[in-house]
Amino acid sequence: MGQCTSLSLTAEELEEYQVLTFLTKEEILRIHDAFCSSCPQGKDYTQEKLSTEQVCAWPQLKVNPFQDRICQVFSTDGYFTFEDIVGMASVFSDLACPSLKIEYAFRVYDFNDDGFIDQEDLQHVIRRLVDKNPLSEEEIVSLADHILQEADLDKDKMLSLAEFEQAMMKSPDFLHSFRIYF
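If you want it as structure tokens, here you go:
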């Protein structure tokens with residue numbers, strides 16, 4: 001498989017990953033192959049880590065407007081183990097539960113990592129989502145204000161995870177769009 005040593009997933013490891021994630025055996029094997037093809041030749045994939053740059057260059061993330069944030073949220077100190085990649089793929093799986101997807105979306109959209117999504121975070125999200133059809137700064141600020149007015153239940157000018165979750169559960173498009181196929 002790929003550039004790795006002959007060490008590949010055992011049937012037991014494959015079954016364990018399948019039990020612990022929302023991934024199929026086929027998806028886990030594809031991720032293993034992609035991970036191994038990025039490892040230096042002759043190296044044991046269980047001991048290897050990929051850089052954020054390597055993972056962000058994968059076709060699944062390359063065109064995602066949030067690739068840097070996704071990699072920041074799922075990596076360990078800017079590097080990915082095989083298990084980090086499997087965890088990330090599991091969250092983005094069609095089979096992942098909505099609350100898990102929402103929790104990670106919250107972390108991705110919380111640009112300043114303060115545990116809330118505020119006006120500035122929302123503006124970052126909007127800019128990235130409308131990159132191909134840019135809005136004026138006034139329109140971005142106005143849209144962020146509107147989102148806060150609708151979703152900020154305690155009126156503290158920021159969204160907690162609970163407020164974000166409530167807003168996302170009302171958006172059927174969210175669960176369909178928060179996925180990446182590996």
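If you count by the UniProt record's numbering, then the sequence shown holds residues 1 to 182, one letter each, in order. Every residue, glycine too, gets a C-beta built ideally from N, C-alpha and C.
- prompt: Are there three or more Cβ pairs, one per stretch, closer than 8 Å when the region 86-105 is compared with the region 122-137?
  reply: Using a C-beta cut-off of 8 Å, the region 86-105 makes no contact with the region 122-137, since fewer than three inter-stretch Cβ pairs fall below that distance.
task: Let me know if Met169 comes out buried or exposed under the rule of 16 or more other beta-carbons within 10 Å of its beta-carbon.
output: Counting from 1 along the sequence shown, the entry for residue 169 is found at position 169. Residue burial annotation: Met169 is exposed, with fewer than 16 other C-beta atoms found within 10 angstroms of its C-beta.
- request: Measure how close the beta-carbons of Phe82 and Thr52 come, nearest whole angstrom, since I'm counting them as under 8 Å.
  value: Working through the sequence shown from its first residue, we reach residue 82 at position 82. Working through the sequence shown from its first residue, we reach residue 52 at position 52. Between Thr52 and Phe82 the Cβ distance is about 15 Å, and since that is not below 8 Å, they are no contact.
field: Opening and closing residue of the alpha helix (DSSP H) in which Thr52 lies
entry: Here residue 52 corresponds to residue number 52 of the sequence shown, with the count starting at 1. Segment Thr52 to Cys56, the alpha helix (DSSP H) holding Thr52.
task: State the DSSP-derived secondary structure class of Cys22, mapped to helix, strand or coil.
output: Along the sequence shown, read from residue 1 onward, the residue named residue 22 stands at position 22. Sequence inspection shows Phe at residue 22; the Cys mentioned does not correspond to that position. The three-state secondary structure of Phe22, taken from DSSP, is coil.
query: With DSSP run on the structure shown, which of helix, strand or coil describes Thr5?
result: As a working note, residue 5 is residue 5 in the sequence shown. Unreliable positioning characterises Thr5 in this predicted model, as indicated by a pLDDT of 48, which lies under 50. A coordinate reading is not provided.
- prompt: Does DSSP put Tyr104 in a helix, in a strand, or in coil?
  reply: As a first step, residue 104 is located in the sequence shown; it is residue number 104 there, counting from the start. When secondary structure is reduced to three states using DSSP, Tyr104 falls in the helix class.
field: Spatial distance of Pro59 from Arg179 (CA atoms)
entry: Position 59 of the sequence shown holds residue 59. Position 179 of the sequence shown holds residue 179. Going by the C-alpha atoms only, they are around 14 Å apart.
task: Just the C-alpha distance for Glu139 and Gln123, rounded to the nearest angstrom, thanks.
output: Walking along the sequence shown from the start, residue 139 turns up at place 139. Walking along the sequence shown from the start, residue 123 turns up at place 123. So the two alpha carbons sit approximately 10 Å from each other.
message: Going by C-alpha to C-alpha distance, which of Leu61, Lys62, Ala57 and His32 sits closest to Glu48?
response: Here the question's residue 48 lines up with position 48 in the sequence shown. For the residues Leu61, Lys62, Ala57 and His32, the minimum Cα distance to Glu48 belongs to His32.
field: Reduced DSSP secondary structure (H/G/I, E/B, other) of Thr76
entry: Position 76 of the sequence shown, counted from the first residue, corresponds to residue 76. DSSP, read as helix, strand or coil, puts Thr76 in strand.
- prompt: If we ignore side chains and look at the alpha-carbon of each, how far apart do Asp110 and Val73 end up?
  reply: Your numbering for residue 110 matches position 110 in the sequence shown. Your numbering for residue 73 matches position 73 in the sequence shown. About 10 Å.
- request: Pull up the distance between the alpha-carbon of Phe106 and that of Ile117, whole angstroms please.
  value: Mapped onto the sequence shown, residue 106 falls at position 106. Mapped onto the sequence shown, residue 117 falls at position 117. The alpha-carbon atoms of Phe106 and Ile117 are separated by roughly 7 Å.
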